[in-house]
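Notes follow once the structure below has been shown.
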Amino acid sequence: MKSRFRCFAAAAITVILSGAGALPAFAQATAYSDKPALLLGAAWYPEQWPESQWDADLAKMEAAHINLVRIGEFAWSTMEPLEGDFRFAWLDRAIALAEKHHICVVLGTPTAAPPAWLTTKYPDTLRIDENGIRAEHGNRQQFSFTSPRYREFAHQIAEKMAQRYGHNPNVVGWQLDNEYAAASFDPEAKAQFHQWLRKKYGSIGNLNNRWTTAYWSQAYDSFDEIPVRAEKENPGLLLDWKRFVSETWRSYSENQIGAIRPHADKRQFITTNTMGWFSGFDEYTVHSDLDIAAWDDYIGGENYDYFDNGARHDLTRGFKNKNFWVMETQPAFVNWKSVNASLARGQVRDMAWQAIGHGADAVEYWQWRSALNGQEEYHGVLVGADGAPVPVYAEVAQIGEEFEKAAKALAGTSPDSSVAVINDYDSRWAIDFQRHNNNFDPVAEMVAFYKPLRDQAQAVDVISARSPLDKYRLIVAPALNVLPKDVADRLLAYVKGGGNLVLGPRTGMKDEFNGLNVERQPGPLAGALGGRVEQFYALENKVPVEGDFGPGTASIWAEQLGVNAKDTQILARYGVSNGWLDHQPAVITRKVGKGTITYVGAWLDDALLAKLTSILLKKSGVEPIVPHAPNGVEVCLRSGKGKAVMILINHNKTDVHVSLPRAMVDLLAPAATERNSVDLPPYGVDVLESK
Ligand code: GAL
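Quick note: the sequence shown uses my numbering, first residue 17, plus one each step.
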């Protein structure tokens with residue numbers, strides 16, 4: 017049987033011979049001529065420690081093969097202890113000392129933690145929550161993201177830093193702020209929201225019409241009357257508020273980018289660190305101005321869901337459609353869960369290689385050494401307060417050694433997939449505002465589709481619906497609730513051109529104003545599908561489903577589908593349940609142009625969904641990279657520049673044996689060894705190159 021992996025290897029060789037560009041659509045995030053292609057790092061806070069201890073800390077990092085530190089993201093009160101009194105000499109010395117230890121630096125702008133003088137003298141810079149309560153100084157993230165005064169201060173500190181370090185050869189990039197999250201509901205934010213609405217709708221009459229404000233006498237006479245609320249409001253308002261928040265974080269970034277870019281070398285990237293599934297704003301909007309994507313990868317204890325974590329890596333890769341950085345991850349445990357269980361021995365390494373397998377070019381631990389006081393005294397670290405290694409240090413040192421071994425082979429490579437899952441913030445928000453069944457978590461529903469696809473195809477992209485679609489053989493839109501005409505047109509063009517599109521429940525119910533589409537679901541795609549949703553039902557009990565692909569159940573959500581074209585096929589029907597659904601179509605499909613549209617009207621149980629995805633993958637001509645990989649073994653392939661590197665991770669607590677599709681060179685073995693199969697211990701990892 018012709019495996020996808022073989023197809024790739026052949027294609028890669030063709031690329032080398034023809035001298036064409038890299039095969040995958042994705043690319044490495046950062047590539048420095050004088051720095052390794054894979055970076056291992058830690059968050060280091062020199063401002064929290066006597067300078068006499070810095071050298072010993074950095075020496076221990078170097079001994080663990082750590083070649084990257086992130087510095088500065090909370091150090092505003094050390095950089096500018098009094099208004100206008102800038103002190104950077106300590107940072108000059110910290111960066112220089114890191115360089116002495118062959119450790120490069122990402123600089124964080126310190127704007128997530130303004131100093132007390134700033135918020136005390138200028139209380140208008142403090143954020144106001146939805147209940148109208150203004151934050152006090154303390155903790156962090158207490159600023160208002162719309163405050164023009166705060167932006168002036170943020171611009172100034174970022175500019176001072178860039179003027180000083182924009183050409184520093186040891187500074188490889190910039191992290192703006194830290195984990196953007198909290199919106200503000202202050203009068204300035206309200207005025208800006210009104211302005212944003214004015215620009216979008218032109219006239220208040222137009223807004224009234226789009227939001228159907230005749231409902232509950234909401235009709236507005238002027239934009240200034242519109243309330244600012246993030247819940248329990250008109251769905252049109254709620255969706256626009258989220259979009260406004262997204263645009264505001266984007267302009268918050270632009271303010272600092274404008275301060276840094278004119279003074280910084282082009283090789284220095286600018287990013288911010290994001291938070292996986294966090295839905296506070298649209299990541300695609302915010303990333304439009306950033307050079308690379310980066311995220312903070314935190315999970316629970318030993319039983320972590322590696323599919324969900326892999327999906328979050330793939331999501332982040334999709335923000336820029338190229339490799340990304342893991343800017344923070346846990347050295348075994350965190351301090352902010354209800355039970356801060358530790359990863360088992362071996363799992364920190366398992367997670368690090370999972371990140372690389374999904375396209376990370378850097379992995380950084382938060383944090384190197386805990387501050388002696390402060391809110392995070394219990395958090396996992398690499399060295400204790402005494403500066404001596406804690407047990408996980410040795411595991412990180414092993415990762416560092418392995419990164420060094422594999423860096424050359426992985427340089428210029430990235431994951432490539434012919435399957436995509438669509439992530440759409442408008443739809444996630446629209447469902448979250450009106451779940452109808454509280455258990456309908458749109459992220460959980462997306463992951464329910466992602467899991468079997470990732471398991472069976474071993475490579476999945478998570479992309480925006482506005483991303484290029486042509487390279488995919490199969491695209492799944494799990495719950496594309498908000499479906500504007502332009503997106504529907506793109507999807508239809510994809511299908512007509514030969515793509516296979518799968519729509520999940522609740523797709524196409526809403527227009528871009530979060531109003532109901534007059535045409536029943538999937539709205540603008542109902543005509544092409546030759547079928548539609550007759551009625552939707554939130555489920556208390558499981559409903560039987562019987563299909564071409566086997567029997568199973570639906571829970572949480574089920575839609576009675578109707579078929580109105582002769583060539584629309586019914587793939588599954590409901591069994592007997594509430595009377596309305598009995599024997600009605602649950603999954604339908606139709607050939608359209610050179611491709612197909614399939615509509616799945618229910619949240620199917622995992623086993624049934626896995627059967628359906630396996631049929632869909634087969635029909636789309638997608639084969640696994642490693643056929644018959646054992647359960648719990650994750651297969652990742654990075655390719656590019658004529659190379660193909662496979663990363664195998666055993667997430668099981670037991671040994672496994674994996675047969676390779678062809679002989680490959682083991683990059684982690686003491687001497688380059690060719691293998692046809694690998695044995696992996698619990699949480700074991702191997703990295704193999706195709707020759
Ligand atoms: C992150 C944050 C870090 C640190 C870490 C602890 O969300 O960016 O500053 O607080 O959590 O897990």
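For every residue, glycine included, the Cβ atom is placed at its ideal position computed from N, Cα and C.
Only a predicted model underlies this, so the values are computations on that prediction, with no experimental measurement involved.
| Item | Value |
| --- | --- |
| Assumed close pair Arg-86, Gln-157 - CB separation to whole angstroms, cut-off 8 Å | No, Arg-86 and Gln-157 are not in contact; Cβ-Cβ is about 18 Å, not under 8 Å. |
| Bounding residues of the beta strand (DSSP E) (the contiguous stretch that carries Pro-97) | Here Pro-97 belongs to no beta strand (DSSP E), and DSSP marks it neither H nor E. |
| Identity of the residue in Gly-274, Gln-450, Ala-481 and Asn-222 nearest Thr-301 by Cα | Ala-481 |
| Within 9 Å, strictly: CB atoms of Pro-347 and Val-408 | yes |
| Any non-hydrogen atom of the ligand GAL closer than 8 Å to Val-603 Cβ | no |
| Of the listed residues Ile-273, Asp-305 and Gly-334, nearest to Gly-292 (C-alpha basis) | Gly-334 |
| Beta bridge counterpart(s) of Lys-336 as assigned by DSSP | Its beta-bridge partners do not exist; DSSP assigns none. |
| Backbone secondary structure at Met-343 - three-state DSSP | strand |
| Spatially closest choice to Leu-545 from Leu-507, Ala-197, Val-642 and Pro-131, by CA coordinates | Leu-507 |
| Reference Glu-299, options Asn-184, Asn-356 and Arg-266, closest by Cα | Arg-266 |
| Alpha-carbon spacing of Trp-92 relative to Ile-144, whole angstroms | 22 Å |
| beta-carbon Met-291 near the ligand GAL non-hydrogen atom, thresh 8 Å | yes |
| Entirely enclosed alpha helix (DSSP H) segments - the segment 339 to 384, minimum 4 residues | 363 to 373 |
| Beta-carbon proximity list for Gly-362, same chain, < 6 Å, skipping 5 on both sides | Tyr-699 |
| Three-pair Cβ contact test at 8 Å for the segment 203 to 220 versus the segment 234 to 249 | yes |
| Distance cut-off 8 Å: Val-435 Cβ against heavy atoms of the ligand GAL | no |
| Residue range of the alpha helix (DSSP H) that includes Asn-225 | 220 to 226 |
| Distance, Thr-141 Cα to Leu-653 Cα | 47 Å |
| Alpha helix (DSSP H) runs contained entirely in the segment 430 to 484, provided each spans 4 or more residues | 441 to 449 and 458 to 473 |
| At least three beta-carbon pairs within less than 8 Å, the segment 242 to 262 to the segment 521 to 534 | yes |
| Length of the line joining the Cα atoms of Gly-37 and Pro-431 | Residue placement at Gly-37 is flagged as unreliable, the pLDDT there being 35, under the threshold of 50; a coordinate-derived value is accordingly withheld. |
| Three-state secondary structure (DSSP) of Thr-264 | helix |
| Where Thr-680 falls: helix, strand or coil (DSSP) | The question names Thr, yet the displayed sequence has Met at residue 680. Three-state DSSP puts Met-680 in a strand. |
| Straight-line gap, Val-638 to Ser-233 (C-alpha atoms, nearest Å) | 53 Å |
| Pair within 9 Å by beta-carbon distance, Leu-223 and Phe-449 | no |
| Buried or exposed by the 16-neighbour rule on C-beta atoms within 10 Å, applied to Ala-688 | exposed |
| Ala-45 versus Gln-576: straight-line alpha-carbon distance, rounded | 45 Å |
| Straight-line gap, Gln-472 to Gly-595 (C-alpha atoms, nearest Å) | 35 Å |
| Trp-212 - containing alpha helix (DSSP H), residue span | 203 to 217 |
| Residue interval of the alpha helix (DSSP H) (run including Tyr-510) | 501 to 512 |
| Burial state of Ser-200, where buried means 16 or more other Cβ atoms lie within 10 Å | buried |
| Where Thr-670 falls, given that 16 or more other Cβ within 10 Å makes a residue buried | exposed |
| Tyr-314: CB within 8 Å of a non-hydrogen atom of the ligand GAL | yes |
| Val-350 CB to nearest heavy atom of the ligand GAL below 8 Å | yes |
| Residue from Ala-475, Val-342 and Ala-360 with nearest C-alpha to Ala-368 | Val-342 |
| Straight-line Cα distance separating Gln-414 from Lys-258 | 43 Å |
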